[in-house]
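For reference, the structure is listed below as structure tokens.
Protein chains: 2
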Amino acid sequence: MKNAAIELLKALSDGTRLDIINILAKQDSYVEQLAATLSLAPATVCYHLKKMEQVGLVTSARSQFYIIYSLNQKAFDRTLRELVICPARVPDADEKYRREVLEHFFRYGKLTTIPVQRKKREIVLQKLLERFAVGIDYTEREVSEILAEYHEDYCTLRREMIACGLMTRDHEIYRVVQKDDKT
Amino acid sequence: MKNAAIELLKALSDGTRLDIINILAKQDSYVEQLAATLSLAPATVCYHLKKMEQVGLVTSARSQFYIIYSLNQKAFDRTLRELVICPARVPDADEKYRREVLEHFFRYGKLTTIPVQRKKREIVLQKLLERFAVGIDYTEREVSEILAEYHEDYCTLRREMIACGLMTRDHEIYRVVQKDDKT
DNA sequence: ATAGTGTTTCGATAATTTTCGAATCACTTA
DNA sequence: TAAGTGATTCGAAAATTATCGAAACACTAT
């Protein structure tokens with residue numbers, strides 16, 4: 007089996023299946039009824055329903071001659087982020103602290119204030135460093151523009167990037183410092 | 007143009023693109039670097055990036071020789087529900103009241119209490135009616151099982167469905183009453 | 001300007017997905 | 001048990017999508 011998230015997203019990324027979902031959102035239904043509503047062959051509707059059932063988007067239950075399909079409401083309350091972006095590292099104690107710091111200083115994608123404590127400031131700067139590709143030369147202007155997205159005092163942020171050893175500056179050219187250099 | 011939601015979901019439902027997203031989540035990057043990391047041709051990576059850029063998942067900005075791609079963080083904070091399930095009707099005054107009532111009585115997909123006021127009770131029952139397909143015969147047991155998912159006192163719910171004229175009962179067979187019968 | 005970057009488009013091919021008729025299956029009712 | 005219902009699977013055709021080499025493009029730097 008591949009990735010469960012991909013299978014779920016594939017199940018959602020088809021016009022016919024979205025039509026079925028929206029019909030079921032209003033009212034439970036069954037294969038023949040859906041096929042008639044959508045002007046499709048029952049085999050086609052069945053194919054789509056099975057695909058969605060496999061990933062937990064819908065559930066089925068027989069009632070006399072019919073098999074009634076229902077939306078699994080819980081499946082729709084996930085964000086794209088938690089579905090798509092894998093956390094990678096295990097949330098250990100350091101990681102927990104890191105997340106708390108980031109949650110405190112970032113609001114709506116922007117920096118509320120620049121941390122005064124060095125430890126916290128480094129965590130925030132390390133996060134901002136993700137916006138800079140490794141091995142790429144950035145001009146001072148480019149660095150400023152990206153940092154300005156997060157806080158009006160981009161000059162301090164830029165200076166601190168150098169001071170904390172996260173970036174190097176050489177004749178107005180800024181570069182990300184690779185910390186995992188095996189030299 | 008088709009549906010924007012479908013295009014966005016299609017852009018997300020591919021293993022290679024998810025790989026790219028997860029790399030960009032850690033660090034901005036550019037075509038050649040991504041191609042090298044993923045062992046793919048630059049043309050292929052470009053194809054995927056363009057596809058994601060069209061639906062607003064990533065943004066690009068030139069820096070010297072390179073075009074740096076970044077994740078558009080805002081795009082990832084949407085739930086599947088708001089992406090997939092279309093509201094259909096315009097939120098007029100009645101609809102607003104309806105939503106408030108539903109939000110008040112439903113918690114985590116279950117009914118906190120059965121509304122005493124007739125107007126509110128009908129709104130809640132109408133919502134529960136979505137779980138029953140039209141034109142289908144349900145046994146009393148089947149009706150009870152579905153209603154029990156929402157409140158322990160499924161007997162009251164079942165009785166009220168009949169009392170409010172939302173379902174009919176005929177020799178232990180329950181059916182949804184179709185309100186838009188043009189007779 | 002010109003040579004040299006990395007990026008994008010184009011065309012073709014491979015791989016995957018959607019669709020549906022026909023056959024089969026699962027279940028209900030008489 | 002047998003006949004009748006709707007659901008599902010199967011096989012094949014049609015439609016869509018992913019991949020990549022080659023060529024064209026956009027930009028930088030000499």
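Just so you know, the sequences run in chain order A and B. To get the numbering used here, take the position in the first sequence, counting from 1, and add 6. To get the numbering used here, take the position in the second sequence, counting from 1, and add 6. Glycine included, every Cβ here is placed at the ideal spot set by N, Cα and C.
Check, Outcome
"Touch test, the stretch 105–119 of chain A against the stretch 70–77 of chain A, Cβ-Cβ under 8 Å, three pairs minimum", "no"
"Closest by C-alpha distance to residue 21/B, when choosing among 37/A, 141/A, 12/A, 166/A", "12/A"
"Straight-line gap, residue 116/B to residue 56/A (C-alpha atoms, nearest Å)", "26 Å"
"Proximal residues of chain A, C-beta to C-beta of residue 78/B below 7 Å", "Correct list: empty, because the minimum Cβ distance to chain A is about 10 Å."
"Contacts that residue 74/A makes with chain B (C-beta to C-beta distance below 7 Å)", "139, 142"
"Proximity below 9 Å, CB of residue 119/A to CB of residue 85/B", "no"
"Span separating the alpha-carbon of residue 157/A from that of residue 127/A", "13 Å"
"Min CB distance residue 36/A to chain B below 9 Å", "yes"
"C-alpha distance - residue 62/A paired with residue 177/A, whole-angstrom precision", "56 Å"
"Contact with chain A by residue 176/B, beta-carbon distance below 9 Å", "no"
"Nearest candidate by alpha-carbon position, reference residue 69/B, set 151/A, 170/A, 121/A", "151/A"
"Backbone CA spacing between residue 3/A and residue 39/A [nearest angstrom]", "Shown here, chain A extends from 7 to 189; a query on residue 3/A therefore has no answer."
"Anticipated Cβ contact below 8 Å, residue 164/A with residue 153/A, distance rounded", "6 Å"
"Limits of the alpha helix (DSSP H) - the one that residue 152/A falls within", "146–154"
"For residue 50/A, three-class secondary structure by DSSP", "helix"
"Proximal residues of chain B, C-beta to C-beta of residue 12/A below 8 Å", "19, 20, 21, 24"
"Under the three-state DSSP convention, the category residue 40/A falls into", "helix"
"Where residue 53/B falls, given that 16 or more other Cβ within 10 Å makes a residue buried", "exposed"
"Residues within the stretch 89–119 of chain B neighbouring chain A, beta-carbon criterion of under 7 Å", "90, 91, 92, 115"
"Min CB distance residue 129/A to chain B below 9 Å", "no"
"7 Å Cβ shell around residue 121/B - same chain, five flanking residues per side excluded", "111, 127, 130"
"Proximity to residue 135/A [Cα-Cα], best of 51/B, 32/B, 60/B, 159/B", "32/B"
"Through-space distance from residue 37/B to residue 173/A, alpha-carbon basis", "22 Å"
"Cβ of residue 159/A within 9 Å of any chain B Cβ", "no"
"N-terminal and C-terminal residue of the beta strand (DSSP E) that residue 176/B is part of", "173–176"
"Alpha helix (DSSP H) segment containing residue 90/A, residue limits", "86–90"
"For residue 179/A and residue 78/B, the rounded distance between their alpha carbons", "25 Å"
"Cut-off 6 Å between Cβ atoms - residues of its own chain near residue 188/B, not counting five sequence neighbours on either side", "Below a pLDDT of 50, predicted positions are generally treated as unreliable, and residue 188/B, at 41, falls in that range; the measurement from the model is reported next regardless. Once the five neighbours on either side are set aside, residue 188/B has no close Cβ partner at all."
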